[in-house]
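Asker:
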Amino acid sequence: VLLLDEPLSNLDAHLREEMQFEICRIQNEVGITTLMVTHDQAEALSISDRVVVMEAGRITQVDAPYRLYEHPGTPFISDFVGK
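As structure tokens, this is what we get:
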């Protein structure tokens, strides 16, 4: 398991995009499960198979990115992914 805590948060836009591709490449090449913490919803939706949304320290929805966007489970999730 590869654990990443906000690995792209301090990178400029160009380097952030390059590193997103690199993380995906490593995942696919090695076949490693990755848990990545991010507050950037675009980042989470673009590179994830599944997204866990937490609100006030509790898990409120676990779903595929497109399902979070199309069928948010709470108003919080709707506001969060709709921005």
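Under our numbering, the first residue of the sequence shown carries the number 1221, and numbering increases by one thereafter.
C-beta atoms are modelled at their ideal positions from N, C-alpha and C, and glycine is treated no differently.
#1: Thinking just about the alpha-carbon of each residue, which of V1282, D1260 and L1222 is nearest to the one in D1269?
#2: Taking just the CA atoms, how far does F1300 sit from S1256?
#3: Just to check my reading of the structure: Q1261 and T1254 have Cβ atoms closer than 8 Å, yes? What is that Cβ distance to the nearest angstrom?
#4: Opposite I1246 in the DSSP bridges: which residues?
#5: Label L1276 either buried or exposed according to how many other C-beta atoms from any shown protein chain fall within 10 Å of its C-beta, with 16 as the threshold for buried.
#6: Buried or exposed for P1295, going by 16 or more other Cβ atoms inside 10 Å?
#7: Does the beta-carbon of V1250 have 16 or more other beta-carbons within 10 angstroms, so that it is buried, or is it exposed?
#8: What is the C-beta distance between L1265 and P1292, in whole angstroms, given that I count them as a contact (C-beta under 8 Å)?
Answerer: On the basis of the data shown:
#1: To locate residue 1269, count along the sequence shown from 1; it is residue 49. The shortest Cα separation from D1269 among V1282, D1260 and L1222 belongs to V1282.
#2: The residue labelled residue 1256 in the question sits at position 36 within the sequence shown. The residue labelled residue 1300 in the question sits at position 80 within the sequence shown. Looking at the sequence shown, residue 1256 is not Ser but Met. In a straight line, the C-alpha of M1256 is about 17 Å away from that of F1300.
#3: In the sequence shown, counting from the first residue as 1, residue 1261 sits at position 41. In the sequence shown, counting from the first residue as 1, residue 1254 sits at position 34. With 8 Å as the limit, Q1261 and T1254 do not qualify as a contact, their Cβ atoms being about 17 Å apart.
#4: Residue numbering aside, residue 1246 sits at position 26 when the sequence shown is read from its first letter. Bridge partners of I1246: none, in fact.
#5: Taking the sequence shown and counting its residues from 1, the one referred to as residue 1276 is at position 56. Per the sequence presented here, residue 1276 reads as Ala, with Leu not at that position. Counting Cβ neighbours within 10 Å, A1276 comes out exposed, since fewer than 16 surround it.
#6: Translated into the one-based positions of the sequence shown, residue 1295 becomes position 75. It is exposed - the Cβ of P1295 has fewer than 16 other Cβ atoms within 10 Å.
#7: Numbered from its first residue, the sequence shown carries residue 1250 at position 30. Under this definition V1250 is an exposed residue.
#8: Counting from one through the sequence shown, the residue named residue 1265 turns up at place 45. Counting from one through the sequence shown, the residue named residue 1292 turns up at place 72. About 12 Å; that fails the 8 Å criterion.
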